[in-house]
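What follows is a short report on a single structure.
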Ligand SMILES: [Zn+2]
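Residue numbers (the numbering used here): 1 to 199.
Here it is, written out as structure tokens:
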């Protein structure tokens, strides 16, 4: 956990809202679009965890969550906008050292990663340790209690493409940066300031 990492509490009502939206988003995805790489988590749970992360970031930035349910094509990886800055929210429940990851694509080259969504990416997380077999996201989701999310920080695309390293945990290549390479959230407001008006 880095200085500047924010703990953000989502109430039981907010958790229920995000879980239902995440499930609804996953339900309309064609089966071929499965993101599943490990048997550990269902596609539905992954979608729900991603939506919990989005909600925490939206609340933190004072933005509305995009409730659109995309049946095809998706949102292009952009989850919300702060001024003119496009923001993609990522979730990684590894703790305490987690990674902001972007899938490797054919045609990626240094300085140009096809899957970085443009704008900036924000990393959110929870406090699991799946590497050592400890993840309680499924039970937590089932209980629908409040959820303390962590907002680790953000990085812009140009910097990410420069500093990300390729790793493979056995389920495909990923471009990764660790939490200490992220900038604290309050700097995102300054970064977006040129893109005002921001309410
Ligand atoms: Zn977990």
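Heads up, the beta-carbon is just placed ideally off N, CA and C, and yes, glycines get one too. Please read these numbers as outputs of a predicted model, since none were measured by experiment.
Taking one C-beta from the stretch 171–180 and one from the stretch 100–114 each time, how about it: are there three or more such pairs within less than 8 Å?
Segments in contact, yes.
Per the contact definition of three or more C-beta pairs closer than 8 Å, is the stretch 167–174 in contact with the stretch 138–147?
The stretch 138–147 makes no contact with the stretch 167–174, as fewer than three CB pairs between them are under 8 Å.
Under 9 Å, do residue 127 and residue 152 count as touching if we go by C-beta distance?
Here residue 127 refers to the residue found at position 127 when the chain shown is read from its first residue. Here residue 152 refers to the residue found at position 152 when the chain shown is read from its first residue. No, they are not a contact pair.
Report the option in 54, 48, 66 and 84 whose CA atom is closest to the CA atom of residue 90.
Walking along the chain shown from the start, residue 90 turns up at place 90. Answer by Cα proximity: 54.
Proximity winner among 190, 185 and 189, relative to residue 7 (alpha-carbon distances):
By 1-based counting over the chain shown, the position of residue 7 is 7. The candidate whose alpha carbon is nearest that of residue 7 is 185.
Among 80, 51 and 52, which has the Cα closest to the Cα of residue 64?
The residue labelled residue 64 in the question sits at position 64 within the chain shown. Nearest of 80, 51 and 52 to residue 64, Cα basis: 80.
Beta-bridge partners of residue 149, as assigned by DSSP
Numbered from 1 along the chain shown, position 149 holds the residue referred to as residue 149. Residue 149 is bridged to 8.
Within the stretch 156–185, note down every full beta strand (DSSP E) run reaching 3 residues or more, in order along the chain.
You should have 165–168 and 173–178.
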